[in-house]
Amino acid sequence: LTISRERNRMARELHDTLAHTLSALSVQLETVKAYWDVDPLAAQQMLDKSLSATRSGLQETRRALKSLRAAPLDDLGLALALRRMAEQTAARANLALDLSLPADPLSLSAGVEQAIYRIAQEALANAAHHANARTLTVELSTTASTSSGQAGVSLVISDDGIGFDPQQAQTAGHFGLSGMKERAALVGGDLTVTSQPGQGTTVVLKMAAD
260 LTISRERNRM ARELHDTLAH TLSALSVQLE TVKAYWDVDP LAAQQMLDKS
310 LSATRSGLQE TRRALKSLRA APLDDLGLAL ALRRMAEQTA ARANLALDLS
360 LPADPLSLSA GVEQAIYRIA QEALANAAHH ANARTLTVEL STTASTSSGQ
410 AGVSLVISDD GIGFDPQQAQ TAGHFGLSGM KERAALVGGD LTVTSQPGQG
460 TTVVLKMAAD
């Protein structure tokens, strides 16, 4: 059971780094191809961004393989890492971004930070690649349990895209959704995905802060 869990954890890490980098790169290069003859200057600028994303993804993948911990968390901390990821995703997918992050650093364990970051990464990638949305909303905030008063943290990521049927997606075995739920469960969190065709998608993660 321990070996199986570790394999699943490593698979999630590779999915969250290498798979996301290649997926984003594929979208960018398709755009470059479309602009190549129409607007060479714009195509060149997009190509430069693709090269930058490739280098960043390569570095992130190497670090993930080495330590299985997201590099931006070590370099920037959770809030700034989320900001950078959300802004880059919105710019890449041409989305209007509504971003709300805590002004003060959050006191969270490394495991909780990792789970929040990776779940956000998956949700943002899904919004950028599948939602066909116009607006992306990302909110990270502290919460207090009404029953015990225990401090908690909440992550909400939503879009106004085409939506989907979560039950159908879960039945089809989409790794991204199951991976997010597994990550949340491993740190004692609760993750819900609310969506329906034509109504956008909202991902909500709630967990204790420590």
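So for the sequence shown, my numbering puts the first residue at 260; every next one is plus one. Yeah, the Cβ is synthetic: ideal placement off N, Cα and C, and Gly gets one too. This structure is a prediction, so every number in the text was calculated from the model and none was measured.
Nearest-angstrom Cα separation, counted from Q426 out to T460: 13 Å
Supposed close pair L356, A345 - CB separation, criterion 8 Å: 6 Å
Taking the alpha carbon of T453 as the reference point, which residue from A278, A379 and D418 has its own alpha carbon closest? D418
Can you tell me the Cα-Cα spacing of G336 and L281, whole angstroms? 24 Å
Which ranges would you report for the beta strand (DSSP E) in the region 322 to 400 if only whole runs of at least 3 residues count? 355 to 359
The alpha helix (DSSP H) with L288 in it runs from where to where? H279 to Y294
Residue range of the beta strand (DSSP E) that I416 falls in? A410 to D418
Under the assumption that S413 contacts K465 (Cβ atoms under 8 Å), give the Cβ distance between them as a whole number of angstroms. 5 Å
Quick one: what's got a C-beta closer than 6 Å to G420's C-beta in the same chain, skipping five residues either side? A390, N391, A392 and G459
Could you tell me the alpha carbon to alpha carbon distance between A362 and D296, rounded to whole angstroms? 45 Å
For R351 versus A283, is the C-beta distance shorter than 8 Å? yes
Excluding the five sequence neighbours on either side, which residues of its own chain have a C-beta within less than 6 Å of the C-beta of A387, listed in chain order? T348 and A352
So, helix, strand or coil for A312, using DSSP? helix
Pick helix, strand or coil for A467, following the three-state DSSP scheme. strand
Residues in the same chain with beta-carbon distance under 7 Å from E372, minus the five sequence neighbours each way, listed in chain order, please. L332 and L337
Check T451 in the structure and name its three-state DSSP category. strand
A468 vs G411 beta-carbon contact at 8 Å: yes
Is M305 closer than 8 Å to V291 when the C-beta atoms are compared? yes
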